[in-house]
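Heads up: the sequence shown begins at 14 in my numbering, then just goes up one per residue.
Only one structure is covered here, and it is reproduced in the block below.
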Amino acid sequence: MKFFLDTANIEEIKQAHAWGVIDGVTTNPSLVAKEGGDLVERIYQICQIVEGPVSAETVATDWEGMVREGRLLAQISEHVVVKVPLTVDGIRATRILADDGIDVNVTLCFQAAQALVAAKAGAAYISPFMGRLDDISSDGTRLIEEIVQIYANYPELGTEVLAASIRHPMHVTQTALAGADVCTLPFSTLRKLVNHPLTDSGLKSFLDDWAGVPDPDVAGQVERWLAARSGD
Ligand code: G3P
Numbered sequence: 014m015k016f017f018l019d020t021a022n023i024e025e026i027k028q029a030h031a032w033g034v035i036d037g038v039t040t041n042p043s044l045v046a047k048e049g050g051d052l053v054e055r056i057y058q059i060c061q062i063v064e065g066p067v068s069a070e071t072v073a074t075d076w077e078g079m080v081r082e083g084r085l086l087a088q089i090s091e092h093v094v095v096k097v098p099l100t101v102d103g104i105r106a107t108r109i110l111a112d113d114g115i116d117v118n119v120t121l122c123f124q125a126a127q128a129l130v131a132a133k134a135g136a137a138y139i140s141p142f143m144g145r146l147d148d149i150s151s152d153g154t155r156l157i158e159e160i161v162q163i164y165a166n167y168p169e170l171g172t173e174v175l176a177a178s179i180r181h182p183m184h185v186t187q188t189a190l191a192g193a194d195v196c197t198l199p200f201s202t203l204r205k206l207v208n209h210p211l212t213d214s215g216l217k218s219f220l221d222d223w224a225g226v227p228d229p230d231v232a233g234q235v236e237r238w239l240a241a242r243s244g245d
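What follows is the structure, given as C-alpha cells:
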C-alpha cells in the first residue's frame with residue numbers, strides 16, 4: 014500500500030520524507046489555507062521534495078473553471094495530480110482532464126456508487142473520506158471495502174482507491190486489510206503508526222540488561238574481533 018501524507022506543511026513533509034516511507038502528498042483548500050494559501054509555490058516545493066504524486070485541489074465549482082484551473086495546476090510539475098470534488102461538474106471536468114492525460118484525484122467521496130462514476134470518468138484516484146463517515150457513526154471501512162470490491166470486479170476501470178480522512182492507526186490497518194491502493198494520513202497519525210508502549214518498554218528492558226555486560230560497546234567489540242582476525 015502506498016502512503017501519502019495529508020498536509021501542506023513543508024516541514025512535516027520533509028520530516029516524513031526522511032523516513033523513506035512516503036510515496037506522495039495530498040492537499041486540499043483547508044490544508045493549504047492553514048499554511049497561508051500560497052498554493053502554487055507550495056505545491057511546487059512539495060513536488061520537489063517527494064517526487065511522487067502531489068494532489069492540488071481546484072476551487073472552482075463549475076466544470077469549465079475546474080478544467081481551466083486543473084490544466085494550469087498540472088503545469089506546476091509533472092508530479093501534480095489535480096483534485097476535483099465528486100459533483101456533476103467535477104465528474105465532467107474529470108473526463109476532460111483525464112482525456113488531456115492529466116491525473117485526477119476525485120475527492121469528497123462518501124458512497125460506493127460515487128466511486129464507480131468517478132472511475133468511469135477516468136479518475137486516476139478516488140478519495141473516500143472514511144473518517145468523516147466514522148465521525149457521524151457511519152461505517153467508513155465498509156465504504157473502502159465496497160469500492161475495492163467494485164473496482165476488482167471491473168479491472169478495466171484503472172482507478173486507485175486513495176483512503177482519506179484518516180483519523181488514527183486503526184484506520185490505516187483497516188484500509189490495508191480492505192486492500193486500498195493508497196492511504197493518505199496526517200503526520201500525527203504516521204508517527205502513531207510506529208509508536209507502541211510495549212515496544213518502548215521492551216527496548217528499555219533489553220538495554221537495561223545489556224548495560225550489565227562487561228563490554229556493552231557492540232561496535233568496539235566487533236572492531237576488535239575483526240582486527241584480531243585480520244591476519245587469518
Ligand atoms: O485531504 C483529504 C482528507 O484526507 C481530509 O480529511 O476529514 O481530516 O479533513 P479530514
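Beta carbons are placed, not taken as given, at the ideal position from N, Cα and C, and that holds for glycine.
Remember, predicted model here, so these are calculated numbers, not experimental data.
For residue i, which three-state DSSP category applies?
i, result
"I157", "helix"
"N166", "helix"
"T74", "coil"
"I23", "helix"
"G10", "The structure shown does not extend to residue 10, since the chain spans only 14 to 245, so no value can be given for it."
Which residues in the same chain have their Cβ closer than 7 angstroms to the Cβ of residue i, if we skip the five residues on either side of it in sequence?
i, result
"L206", "P182, V185"
"R105", "W76"
"I62", "I26, K27, H30"
State the Cα-Cα distance for the pair residue i and residue j, rounded to the nearest angstrom.
i, j, result
"R84", "D152", "35 angstroms"
"L129", "P168", "12 angstroms"
"A125", "A73", "24 angstroms"
"N22", "E236", "43 angstroms"
"V117", "I139", "8 angstroms"
"Y164", "D148", "25 angstroms"
In chain order, what residues of the same chain have a beta carbon less than 6 angstroms from the beta carbon of residue i, not counting five sequence neighbours either side?
i, result
"T154", "Q187"
I'd like to know whether the C-beta of residue i is nearer than 8 angstroms to at least one C-beta of chain D.
i, result
"V195", "Looking for chain D here will not work: only one protein chain is present."
Roughly how far, in whole angstroms, is the beta-carbon of residue i from the beta-carbon of residue j, given that I think they are within contact range, below 8 angstroms?
i, j, result
"A191", "E158", "5 angstroms"
"E69", "T40", "The amino acid occupying residue 69 in the given sequence is Ala; Glu does not appear at that position. Going by Cβ atoms, the distance from A69 to T40 rounds to 6 angstroms, so yes, they are a contact pair."
"T107", "A131", "7 angstroms"
May I ask you to check if the CB of residue i is nearer than 7 angstroms to at least one heavy atom of the ligand G3P?
i, result
"L44", "yes"
"T100", "no"
"G49", "no"
"T154", "no"
"G215", "no"
"F142", "yes"
"S150", "no"
Can you determine whether any heavy atom of the ligand HEM sits closer than 7 angstroms to the C-beta of residue i, and answer yes or no?
i, result
"D221", "Only the ligand G3P can be found as ligands here, which leaves the ligand HEM out of the picture."
Kindly list the residues whose CB is nearer than 8 angstroms to the CB of residue i, restricted to its own chain and excluding five residues on each side of it in sequence; keep chain order.
i, result
"A29", "L18, I35, F200, L203"
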